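Participant:
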Amino acid sequence: MTLNDERIRTTHVGSLPRPEELLKFFERRQAGKPVDASAFQDAVRTATESVVRRQDEIGIDVTVNYVEPPAVVADRIERFVDAVGDPTRVVAGADCGLGTFAGFGALHPEIAWQKLESLVEGAELASERVF
312 MTLNDERIRT THVGSLPRPE ELLKFFERRQ AGKPVDASAF QDAVRTATES
362 VVRRQDEIGI DVTVNYVEPP AVVADRIERF VDAVGDPTRV VAGADCGLGT
412 FAGFGALHPE IAWQKLESLV EGAELASERV F
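Right, dumping it as structure tokens:
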């Protein structure tokens, strides 16, 4: 199987944060002004690598069928709290659902419930530590 290294392997869905340099490219393009395609692609690649690196540092990873132990969930939540700086601004959740990868079928309901139970226990552990 051939892997495409250009894809973002992340649970994130939607728009990634955009640095000022990248926003300027979008503004120019939207205004109908010329944009250097090579420089634009370099800016997109740099911004994406930066965001993915930061997501990895604070615990956002690809979706897996594995049920993370509550202690692992708690550690990840605490890393988010450290990154955000305010525990009242962090909410533990199932992100974009409990699916795996597109085309790989649905997650078995028993696994989904186990993941949610682990999430609750991990959130309780993290809350005890950060509050």
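Count along the sequence shown from 1, then add 311; that gives the number in our numbering. Yeah, the Cβ is synthetic: ideal placement off N, Cα and C, and Gly gets one too. Since the structure is predicted, the reported quantities are computational estimates derived from the model, not experimental observations.
Less than 8 Å between the CB atoms is what I'm expecting for A354 and L333, so what's the real figure, rounded?
Facilitator: 5 Å
Participant: Short check: CB of V441 to CB of V392, under 7 Å?
Facilitator: yes
Participant: Run through DSSP, which three-state label would P380 get?
Facilitator: coil
Participant: Report buried or exposed for F337, applying the criterion of at least 16 other Cβ atoms within 10 angstroms of its Cβ.
Facilitator: exposed
Participant: Excluding the 5 residues flanking P330 on each side, which residues of the same chain have their C-beta closer than 6 Å to its C-beta?
Facilitator: The answer, listed in chain order, is A358.
Participant: Roughly how many whole angstroms lie between the Cα atoms of I369 and E421?
Facilitator: Cα-Cα distance, rounded: 28 Å.
Participant: Go through its chain and collect everything with a Cβ distance to P380's Cβ below 7 Å, but skip five positions before and after it.
Facilitator: For P380, the CB contacts under 7 Å within the same chain, skipping 5 residues up- and downstream, are S429 in chain order.
Participant: Along the chain, where does the alpha helix (DSSP H) containing T359 start, and where does it finish?
Facilitator: 348-369
Participant: If distances are taken between C-alpha atoms only, which option among K335, G343, S438, E432 comes closest to P398?
Facilitator: S438
Participant: CA-CA distance, P345 and K335?
Facilitator: 12 Å
Participant: Suppose the cutoff is 6 Å on Cβ atoms and the five residues either side in sequence are ignored; what does the same chain contact list for V401 look like?
Facilitator: F391, V392, V395
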